[in-house]
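First residue of the sequence shown: 1411, per the working numbering; consecutive thereafter. The beta-carbon is built from N, C-alpha and C at its ideal position, and this holds for glycine as well. Predicted, not measured: the structure shown is a model, and the values here were computed from it. Read the structure below first, then the notes.
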Amino acid sequence: MGEPPSYAILSHTWETKEMLFRDMECKDPVFYDKHWHFWGTRKQLAHALADVTKIDIDVLQREWQMISFAPYSIATRMFWASRRETTRPEDIVYYLFGLFDVHLPPLYGEGGGKAFIRL
1411 MGEPPSYAIL
1421 SHTWETKEML
1431 FRDMECKDPV
1441 FYDKHWHFWG
1451 TRKQLAHALA
1461 DVTKIDIDVL
1471 QREWQMISFA
1481 PYSIATRMFW
1491 ASRRETTRPE
1501 DIVYYLFGLF
1511 DVHLPPLYGE
1521 GGGKAFIRL
């Protein structure tokens, strides 16, 4: 059996695990497939991650301490979030917390509307 295409695991990891951008900005995030085979680091997979997430490649290739969204318009950041699918309505808002540098605790069960108001 051949190797799955690189986007297969990234799509799975990005869309079904409900990864927040904060998860990707930790010091050395790594990606594994469902069988715990190592796929690479955020920097190693930056091109594939950019293709799947539509987040600019330069953001994904920066050192974690240097990631700033200030240069990017609100519209750009909202576009990055627009393709996200989550199981809980509030999870999409919690994803935005990281993109807008908002530090609030997630309150699961509050619903998307209340979470968005807090944002």
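Once DSSP output is grouped into helix, strand and coil, what is the label at Y1518? Here DSSP, grouped into helix, strand and coil, assigns Y1518 to coil.
Using a 10 Å radius around the Cβ and a threshold of 16 neighbouring Cβ atoms, would you call T1423 buried or exposed? Model confidence at T1423 stands at a pLDDT of 44, short of 50, so the residue's coordinates are unreliable and nothing is read from them.
Excluding five sequence neighbours on each side, which residues of the same chain lie with their C-beta closer than 6 Å to the C-beta of P1516? Y1504
Quick check on the burial criterion: 16 or more other C-beta atoms within 10 angstroms. Buried or exposed for F1441? With 16 or more Cβ atoms within 10 Å of its Cβ, F1441 is classed as buried.
Could you tell me how far apart the beta carbons of W1490 and T1463 are, in whole angstroms, since I believe they sit closer than 8 Å? 7 Å
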